[in-house]
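Count the sequence shown with this note's numbering and you get residues 3 to 421, in order. Quick reminder that beta carbons are idealized off the backbone N, C-alpha and C, glycines included. Predicted model, so just to flag it, every value in this text is computed and none were measured.
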Amino acid sequence: MTRPATAVQPLTVSTRILDDPGAVLRHTLAEHPLAFVRNGDGIVGIGEALRFEFSGPGRMREASAVWRDVTAAATVDDPVRMRGSGLVAFGTFAFADDSDATSVLIVPRVVVGRRRGRAWITAIDTTDSPAPLPFSSTSVPVPRVGPHVSVPLRPGAVDEDAYAASVAAAVGAIADGRAQKVVLARDLVGTLPPGADRRAVLLDLAAAYPSCVTFAVDGLVGATPETLARTEGRTLTARVLAGSAARGADAESDRVAAETLAASAKDLQEHAFAISSLVASLRPIAADLRVDPQPFRLQLPNLWHLASDVEAVLPAGVTALDVADALHPTAAVAGTPTDVAVRLVTELEGVDRGRYAGPVGWLGASGDGEWMLALRSAQIEDDGTVRAWAGAGIVAGSDPAREVAETRLKFRPITDALA
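Right, here's the structure in full:
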C-alpha cells in the first residue's frame, strides 16, 4: 500500500451554483475521465488535486483512513450542500487482495455536478490559504466530444471454450461440496485508437443504460446496475443482483422470459446466496436491516435480473467506504463460502481480474457516498489497451453453454459502446 510520506496536503474547496451545464459527462477530460452519473444526474471530475494508491488486503481500510485525514485538513465552502457537492474523491479498488492492479482514491481539481434540476461547480485547490476560491462566472461552456470510438474486441486470456471448461470444473467442485456458488468471469481485449475521446464511450453507455451508473475512474469505465453501498447520513441502501435472463424479442416473449426467471429454482438459489452473503456481512456493523421479502424483476435493455433492495441503519462515523470494505467481496461477484469461492476463482480463471467486480464510486467529506460493483466494465490503459470482463454465477446444475451465453449478454454494454 502507498500512503503519503507526510501529513496530507491541505485543500481549499469552494462550491457554487452553476447554470445548466448540459450533459455533465461532456465536462470531464477526454483522456482521463472521472465520472459517476445515473439518469443524467451525478458528478464528473477534471484533473487530479490529490491521488492516493493502495494495495493488499487492507486497501479499502487504508483508503478510508487517508480520506479522514484529507477531510480533517480541508477548508470547505459549500453553500450548495447537495450529494456530491463540496469535497469529493473518486475511487476504484481491485477485486482481489493479491491483485497487481492499483487501487486509487482521486480528488479532482474541479467537479461539475447535477442533481434534481440543480447544478454546481467545485474548485479544489492544494493550498494552505483558508480563503474560498472566487468564481467569475456561473456558467461554463459545453465541451465538444470527439467521434464515436470503435474497438474490435477479441477473446482474451479466457476464451469461450476455456470458460465453458471452467464452469464445468466449478460445477464439479460444487458437487464435491467445496462450495455452493462460484462466480466465474472471462475477458475480451482490444486497443483504443490513439487520441480517442473516451467521453464518447461514456456518452454511449449512458444513453443505452440510463438507469445504470455510468462510471469512469483511472481508466476503468462501465455502466453497472449493482449498488454495493450507498449512504446518506446513517442510512445505508444496497441492491443485490443475482440471476438473469435475456430479454425477449417481442412483448409476449419478454413477459415469458421475466416470468420464467422469477420461477427458476437455479436463479432463485443463486440470488439467495448473494442476499445471505450481504446480510451476514452487514449484521456486525449495521442495525435495523430490512430486505425485500422476495426478489423483484429488474428490467435492463438487454437483460432481466432478479434484484433485492437492502436497507440498514449505520452507527455514527461509519462511511460508505467502510461499508464497502466490510461487504466486499459478496457472493454476487465471488461466490459462497467467500474464502473458498475466491480461491476457486483464482484457480479456475487463472488470470488477475484487476478492478473488475471490485468497488467503484465516490466519497464525500461527510463520509456519504456511493460504491457500485464494477460490472459491465472495461479497463482502458494509457496506451489504449482495453480489457473487458463479464461473469456469471455458477451453482449446482449450471450449464456451461448457458453460462457462456449469459456472459455474451453481459458484455453487450461494452461491446455495443465500442462497436
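For residue j and residue i, the rounded distance between their alpha carbons
i	j	result
A407	R249	13 Å
A159	L190	8 Å
R410	A392	8 Å
D80	V90	12 Å
G179	A171	13 Å
V151	A343	36 Å
T321	R63	11 Å
M84	G115	9 Å
E162	G192	16 Å
V293	V219	30 Å
Y165	P402	8 Å
V78	E349	47 Å
A210	T216	10 Å
F298	R53	39 Å
A25	L346	42 Å
D43	A198	25 Å
L365	F92	7 Å
G221	F38	13 Å
D385	A202	17 Å
S266	L305	15 Å
T124	I108	15 Å
A421	L155	9 Å
G60	R70	16 Å
L300	A177	30 Å
D354	L194	21 Å
L329	L280	6 Å
P132	S16	Interpretation of P132 is limited by its pLDDT of 46, a score under 50 that renders its predicted location unreliable; no figure is taken from the coordinates.
Expected contact under 8 Å - CB spacing of residue i and residue j to nearest Å
i	j	result
V397	Q296	Not quite, the Cβ-Cβ distance comes to about 19 Å (not below 8 Å), so this is no contact.
D324	S105	Their Cβ separation, rounded to whole angstroms, is 15 Å, which puts D324 and S105 out of contact at 8 Å.
L377	G224	7 Å
A309	R257	A309 to R257, Cβ: 18 Å. No contact.
T239	L375	So it is not a contact: roughly 14 Å between Cβ atoms.
V173	G337	In fact, because the Cβ distance is near 12 Å, the residues do not count as touching under 8 Å.
Residue environment, residue i, which counts as buried when at least 16 other CB atoms sit within 10 Å
i	result
Q381	buried
G371	buried
P110	buried
F413	buried
T237	exposed
E351	buried
T140	exposed
D102	exposed
G119	exposed
Q182	buried
E228	buried
R18	buried
T233	buried
G245	buried
R285	exposed
A231	buried
Candidates the options, of which the one nearest residue i by Cα
i	options	result
A121	S101, G88 and V109	G88
P196	L377, L13, E33 and H29	E33
L13	D127, A289 and G119	D127
R389	L230, T140 and A187	A187
P143	L300, R299, R378 and D21	D21
D327	T94, A289, V112 and D401	T94
I48	G60, R61 and T30	T30
Y358	F38, T338 and P331	P331
Q11	P339, I19 and A76	A76
P145	A96, L205 and G86	L205
D269	A253, N41 and E405	E405
V169	A394, T417, I416 and P415	A394
D290	A244, A267, V315 and N304	V315
P303	A175, A125, P154 and L207	L207
A264	G360, H307, A231 and S278	H307
T340	R200, A98, R40 and V173	A98
P23	I45, S16 and V15	I45
I416	V335, G58, R40 and R200	R200
R117	A247, V147 and G86	G86
Continuous alpha helix (DSSP H) stretch holding residue i: start and end
i	result
S66	R61 to A75
S266	From DSSP, S266 is part of no alpha helix (DSSP H); its letter is neither H nor E.
R285	Careful: R285 lies outside any alpha helix (DSSP H) and carries neither H nor E.
T348	T340 to E351
A398	Careful: A398 lies outside any alpha helix (DSSP H) and carries neither H nor E.
L194	Taken as a continuous stretch (DSSP letters only), L194 belongs to no alpha helix (DSSP H), as it is neither H nor E.
T168	Looking at the sequence shown, residue 168 is not Thr but Ser. Per DSSP, S168 belongs to the alpha helix (DSSP H) from E162 to A177.
Endpoints, beta strand (DSSP E) assigned at residue i
i	result
R117	V112 to R117
L230	T229 to E234
S1	What is shown of the chain runs 3 to 421, which leaves residue 1 out entirely.
L308	L305 to V315
P361	P361 to G366
T17	T14 to L20
S379	S379 to I382
V223	L222 to T226
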